[in-house]
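Residue numbering for the sequence shown is -25 to -1, 1 to 416, as defined by mature numbering (1 follows the signal peptide of the UniProt record, and there is no 0).
Note that CB positions come from ideal geometry on N, CA and C, so glycine has one too.
These figures come from a predicted structure and were not determined experimentally.
Right, one structure below, let's go through it.
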Amino acid sequence: MANLLHNSSFFLLLCLLHFVLVAKSQSFIGINYGQVADNLPAPEATAKLLQSTSIQKVRLYGSDPAIIKALANTGIGIMIGVANGDIPPMASDPNFAKGWLSSNVLPFYPASEIIVINVGNEVMSSNDQNLMTNLLPAMQNLQKALNDVSIGGKIKVSTVHSMAVMKQSDPPSSGSFDPNIGDLLKGLLEFNKATGSPFAINPYPFFAYQSDPRPDTLAFCLFQPNAGRVDAGTKIKYTNMFDAQVDAIRAALNAMGFKEVEIVIAETGWPYKGDSNEVGPSIENAKAYNGNLIAHLRSMVGTPLMPGKSVDTYLFAMYDEDLKPGPTSERSFGLFKPDLTMSYDVGLSKANNQVPTPKTPVSPSPNASPKAPVTLSPNPAPKAPVTPTLVPTPNTTVTPLSPKTEKSVKAGVSDSQSQANINVGMLVLSQILWYPMLHMR
């Protein structure tokens, strides 16, 4: 009997330890690894740094062989990219797709865990008709090349969109895509559905705040305490901009009949520095956004339209890219410095998975004149994401979509409290498991 008790307790203990190890690395947290810089550390050093964090996926904008090789045998999933300029030849020539695959994937896979190939970046909002019309044929030829070498079901093919593909996101339940690209987008979504690849998109609450720089909007964007904004269509109260933007995308996909297509957040982040005339960039705000986003993802609460799960989210970015043009903020998104130290701590280290408490968000300077919430135009700028301008109603409560929503989202429990509850539960369970082992004879 004692041996049976011992074996059972030991088995349960191993299960608990496995759970702890899995919890330490969240597969839904990824990071963007841009290379528009002249001061980046060696790929091997970056690979080692990533292994010391809970980051489990990396997105490359290209297919740098040195980086792909450095990530071999790390267990880190890799998104790679086909350059926009390669789309026309890949679309017109199946052999080009085969050659691209032979050069950029086959020498490294499966030791380097390539999981997605993105064909182009933000093509559908580029206004380049040649690229836009050739995008789907290029994706189809690349998919066929993958199928021909029997890895078509293991590596997915997709493309990344900006929020400018949205015509409407206010309120989230009315989310819809720009009808000017409707036919082309439908073809891409049919491809996503048929192959099981994700719809990848880049929501940035930072740009939403820049369009409406009021203190309550800042708190809404940073996951800080706020009155909430109610979706007039569903009566659901949103407490952060990220969920509102993601649910607007979900609603748009559903409205087109693509409920099965999963969303991946290919980019999102907040700059820690900007020019004097830029509203929003600061270390405090960047730490609050990224830290609270990570806590939100770890809570597994999900969004009102997708409760109980976390969308795969790639933070922007690994490092600053000092050669990027534009305002200072464009060169100030890096979570890590070239010397491999943290720009600021958001709890990504495996040694400390707790997200540090961010300071109070920094409100816009007195010189910044507040703007009225923006109304999305039919032809939005390619880069700036849509700004949901939901109706703030402090006393309105959430109306769940379904009993599943009601069970999955615990009202009044913060992300940090949810994590604390999990930690306490694990501690109690460990005591239960160890007790019979300590009292065996």
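{"Asked": "Closest by CA to ILE43, which one among PHE83, ILE6, LEU24 and SER27?", "Found": "PHE83"}
{"Asked": "Nearest CA to the CA of THR288: which residue from ARG34, ALA17 and VAL239?", "Found": "VAL239"}
{"Asked": "The beta strand (DSSP E) spanning ALA34 covers which residue range?", "Found": "It is Arg, not Ala, that sits at residue 34 in the sequence shown. That run of the beta strand (DSSP E) goes 30 to 35."}
{"Asked": "Report yes or no: do the segment 124 to 143 and the segment 69 to 89 share at least 3 C-beta pairs separated by less than 8 Å?", "Found": "yes"}
{"Asked": "I think TYR179 touches THR243, with their Cβ atoms under 8 Å apart; what is that distance to the nearest whole Å?", "Found": "6 Å"}
{"Asked": "Quick check: the Cα distance between ILE92 and LEU323, rounded to an integer number of angstroms?", "Found": "25 Å"}
{"Asked": "Determine, using beta carbons only, whether GLU235 and VAL11 come nearer to each other than 8 Å.", "Found": "no"}
{"Asked": "Spell out the partners DSSP gives MET54 in its beta bridges.", "Found": "ARG34 and VAL91"}
{"Asked": "Pairing CB atoms from the segment 96 to 111 with CB atoms from the segment 57 to 75, are three or more of them under 8 Å?", "Found": "yes"}
{"Asked": "Taking the straight line between their C-alpha atoms, what separation do you get for PHE291 and SER304?", "Found": "12 Å"}
{"Asked": "Less than 7 Å between C-beta atoms, sequence neighbours within five positions excluded: which residues of the same chain meet that for THR170?", "Found": "GLN118, LYS131 and VAL132"}
{"Asked": "Report yes or no: do three or more beta-carbon pairs, one from the segment 210 to 219 and one from the segment 245 to 262, lie closer than 8 Å?", "Found": "no"}
{"Asked": "With respect to the alpha helix (DSSP H) encompassing TYR289, which residues constitute its N-terminal and C-terminal limits?", "Found": "Per DSSP, TYR289 belongs to no alpha helix (DSSP H); it is in the beta strand (DSSP E), 288 to 290."}
{"Asked": "Looking at C-alpha atoms only, which residue of ARG204, MET293, PHE195 and PRO16 is the closest neighbour of ASP314?", "Found": "PRO16"}
{"Asked": "Measuring CB atoms only, is the segment 38 to 56 touching the segment 89 to 105, in the sense that at least three cross pairs come out at less than 8 Å?", "Found": "yes"}
{"Asked": "Pull the bridge partners of VAL124 from the DSSP assignment, please.", "Found": "BP columns for VAL124 are empty, so no partner."}
{"Asked": "Considering only the beta carbon of each residue, do GLY150 and ALA227 sit closer than 8 Å?", "Found": "yes"}
{"Asked": "Report the rounded CA-to-CA distance for ASN96 versus ASN116, giving the unit in angstroms.", "Found": "17 Å"}
{"Asked": "In whole angstroms, give me the CA-to-CA distance for MET317 and THR28.", "Found": "11 Å"}
{"Asked": "Count the other CB atoms, across all protein chains shown, that sit within 10 Å of the CB of ASN201; report buried if there are 16 or more and exposed otherwise.", "Found": "buried"}
{"Asked": "Taking Cβ positions, are ILE30 and ILE53 nearer each other than 8 Å?", "Found": "no"}
{"Asked": "Pick out the complete alpha helix (DSSP H) segments inside the segment 173 to 202, 4 residues or longer, and give them in chain order.", "Found": "180 to 186 and 190 to 196"}
{"Asked": "Whose C-beta lies closer than 8 Å to the C-beta of ASN167 among residues of the same chain, with five residues either side of it excluded?", "Found": "SER133, PRO173, PHE174, PHE233 and VAL236"}
{"Asked": "Measure the alpha-carbon distance for ILE269 versus LEU76 and round it to whole angstroms.", "Found": "34 Å"}
{"Asked": "What residues in its chain sit with their C-beta under 7 Å from that of ALA66, if we drop five residues either side in the sequence?", "Found": "ASN109, PRO112, ALA113 and ASN116"}
{"Asked": "For HIS136 and ALA223, I'd like the C-alpha separation in whole angstroms.", "Found": "14 Å"}
{"Asked": "Can the beta-carbon of THR49 be found less than 8 Å from the beta-carbon of ALA20?", "Found": "no"}
{"Asked": "Pop quiz: LEU46 and SER87 are said to be a contact at Cβ under 8 Å. What is the actual Cβ separation, rounded to whole angstroms?", "Found": "5 Å"}
{"Asked": "I need the straight-line Cα distance from ASN177 to SER144, nearest angstrom please.", "Found": "14 Å"}
{"Asked": "Buried or exposed, going by whether 16 or more other CB atoms sit within 10 Å of the CB of SER251?", "Found": "exposed"}
{"Asked": "Would you decide whether VAL(-4) is buried or exposed? Buried here means 16 or more other CB atoms lie within 10 Å of its CB.", "Found": "Any reading at VAL(-4) needs caution, since the residue's pLDDT is 40, under 50, leaving its predicted position unreliable; the model's value is listed next. Classification for VAL(-4): exposed."}
{"Asked": "Based on Cα-Cα distance, which residue from LYS73, PRO154 and GLY74 lies nearest to MET231?", "Found": "PRO154"}
{"Asked": "What did DSSP end up calling SER274 once you bin it into helix, strand or coil?", "Found": "helix"}
{"Asked": "Could you give the first and the last residue of the continuous alpha helix (DSSP H) run that contains VAL221?", "Found": "216 to 230"}
{"Asked": "SER257: which of ASP187, GLY266 and TYR247 sits nearest, CA to CA?", "Found": "TYR247"}
{"Asked": "Starting from GLU165 and walking both ways along the alpha helix (DSSP H), at which residues does that stretch end?", "Found": "157 to 170"}
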